[in-house]
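Novice: Have a look at this one before I ask anything.
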Amino acid sequence: MTRTVLESKTKTVVMGFDEPFCVIGERINPTGRKKLAAELEAGDFSTVEKDALEQVACGAMVLDVNAGVVYNSNPNPNETEPPLMGKMIELVQSQVDIPLCIDSSVPGALERGLELAHGRPLLNSVTGEEERLEAILPLVKKYNVPVVAISNDDTGISEDPDVRFGVAKKIVERAADFGIPPEDIVVDPLVMPVGAMGSAAQQVFRLVRRLRDELGVNTTCGASNISFGLPHRHGINAAFLPMAIGAGMTSAIMNPLRPAEMEAIRAANFLMNHDDNGANWISFSRVLDAVEGGESFAEASKAQAAAGSGRGRRRARAR
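The opening position of the sequence shown corresponds to residue 3 in this note's numbering, with each subsequent residue numbered one higher.
So this is what it looks like as C-alpha cells:
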C-alpha cells in the first residue's frame, strides 16, 4: 500500500489508504485574512502562534504554512516571501512539534522553508505547467520530500475530470524522471464549488478512485472549496469529507477548528476501521460533551489534549 511519510523533529505522520485521514490545518495563511496579512507585514506573529496551538489541539496532524502577504511597502513576493516564510516556519516549530506543509507559489519561499523545516515536510505545490515542473521537482528531489501535485497545467483548470486525471498522471511520470517515487506525490484533483457545478463532488469521488487504483497515489484537497459561496457551508463540508474518505481520499487542507467537520472525520475513521477499538472516537466524544456543556471547541479540545487524548491519535512511528 502507498504510504507518504511526513516528519517533524520527533513525530511521524503517514498518509495511506489504510491509515486515519490526515488533517492538514489551513489557518496559517494570510490569503483572504486582511488582519493576519497586516499583522505579518508589521512583524506581529501572535495570530500565527495562536493558530498553530489551537489547530494542533483540535486535531491537525500537519500544519500548512503560507507566507503569501502582498506587502504595501514592497509588492514583489520574490523578495518579501522567502524571509517571511523562514520566520513563520521557525515560529511554528518553536510552538508545536508536528510535520509542516510548506505552501507557496514562490520557489524561493519554498526552498527557504525546506532549509529550516525539521524532519520531512510536505511541499505545496507543483502543477503540470512546464515552468513549474522544472522549478519545483528539483527541490523535491534535492530535499527528499513529498509534494502536492495540483491537477492543472498551462491550459488552466479543466472542468473535465479526465483531463485533470491526465495532468496528475503527467506529473507523476515527470516526477519519476527525477527519481521521485509515486508515494511522494500527493495529488490534489481540484474540488470545484458544488454551487456552480452540481456534479463537482461526484467528479472528485470518481477522480480519487482513479488516482488510487490507477496511479496508486495519495490525495488531498482544499475541502472548503466544495461549499464556496453557499450558506451553512460547514454542513456541506461535513457531508463531503466522509464521502471523499470512502472514495479513497487520504488527506485534506481544512480548518480543524470546525467541530462539524472534525466530528465527521473522526466518525469516518472509525467506520473505515482506521481507529483501533474506537479509542480516538471515544476521546473525541468527551470534547463533544464539553462543547454541549458550553465550552468552545478549541478550549474543550485543549483540555482533552492535556488530559491525555494524544494516546488516541495517530500513532507515532519509530524510524
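Quick reminder that beta carbons are idealized off the backbone N, C-alpha and C, glycines included.
Any contact of the segment 98–106 with the segment 56–73, i.e. 3+ C-beta pairs under 8 Å?
Specialist: yes
Novice: Jot down the residue ranges of each uninterrupted beta strand (DSSP E) in the segment 167–240, minimum 3 residues, whole runs only, in chain order.
Specialist: 187–190
Novice: Does DSSP put L273 in a helix, a strand or coil?
Specialist: For the purposes of this step, residue 273 is taken as residue 271 along the sequence shown, with counting starting at 1. L273: helix per DSSP, three-state reduction.
Novice: Check whether the segment 48–56 touches the segment 119–134, taking contact to mean three or more Cβ pairs, one atom from each stretch, closer than 8 Å.
Specialist: no
Novice: Taking 8 Å as the cut-off, decide whether the C-beta atoms of A240 and A266 are in contact.
Specialist: Taking the first residue of the sequence shown as 1, we reach residue 240 at position 238. Taking the first residue of the sequence shown as 1, we reach residue 266 at position 264. Yes, they are a contact pair.
Novice: With C-beta atoms as the reference, is S153 less than 8 Å away from P191?
Specialist: If you number the sequence shown from 1, residue 153 lands on position 151. If you number the sequence shown from 1, residue 191 lands on position 189. In this structure, the beta-carbon distance from S153 to P191 falls below 8 Å.
Novice: Compute the Euclidean distance between the alpha carbons of E294 and S160, then round it to the nearest angstrom.
Specialist: If you number the sequence shown from 1, residue 294 lands on position 292. If you number the sequence shown from 1, residue 160 lands on position 158. When rounded, the distance between both Cα atoms is 43 Å.
Novice: Among R260, K171, M90, which residue has its Cα nearest to the Cα of V188?
Specialist: Taking the first residue of the sequence shown as position 1, residue 188 is located at position 186. Of R260, K171, M90, the residue nearest in Cα terms is K171.
Novice: What residues in its chain sit with their C-beta under 6 Å from that of P184, if we drop five residues either side in the sequence?
Specialist: Against the sequence shown, residue 184 aligns to sequence position 182. The answer, listed in chain order, is V174, G218, V219.
Novice: Any chance the segment 72–88 sits against the segment 261–281, with 3 or more Cβ pairs inside 8 Å?
Specialist: no
Novice: Note the first and the last residue of the continuous alpha helix (DSSP H) segment covering E2.
Specialist: Here the chain covers residues 3 to 321 and nothing more, so residue 2 does not appear.
Novice: Taking just the CA atoms, how far does A137 sit from V58?
Specialist: Translated into the one-based positions of the sequence shown, residue 58 becomes position 56. Translated into the one-based positions of the sequence shown, residue 137 becomes position 135. Each residue's Cα considered, the two are about 31 Å apart.
Novice: So, helix, strand or coil for N282, using DSSP?
Specialist: Taking the first residue of the sequence shown as position 1, residue 282 is located at position 280. Helix at N282.
Novice: So for L259, helix, strand or coil by DSSP?
Specialist: Here residue 259 is taken as the residue at index 257 of the sequence shown, counted from 1. Coil, per DSSP.
Novice: In terms of residues, what are the limits of the beta strand (DSSP E) holding N80?
Specialist: Counting from 1 along the sequence shown, the entry for residue 80 is found at position 78. Segment 79–97 is the alpha helix (DSSP H) holding N80; no beta strand (DSSP E) there.
Novice: Name the DSSP beta bridge partners of T14, please?
Specialist: For this step, residue 14 is matched to residue 12 along the sequence shown. Its beta-bridge partners are E9.
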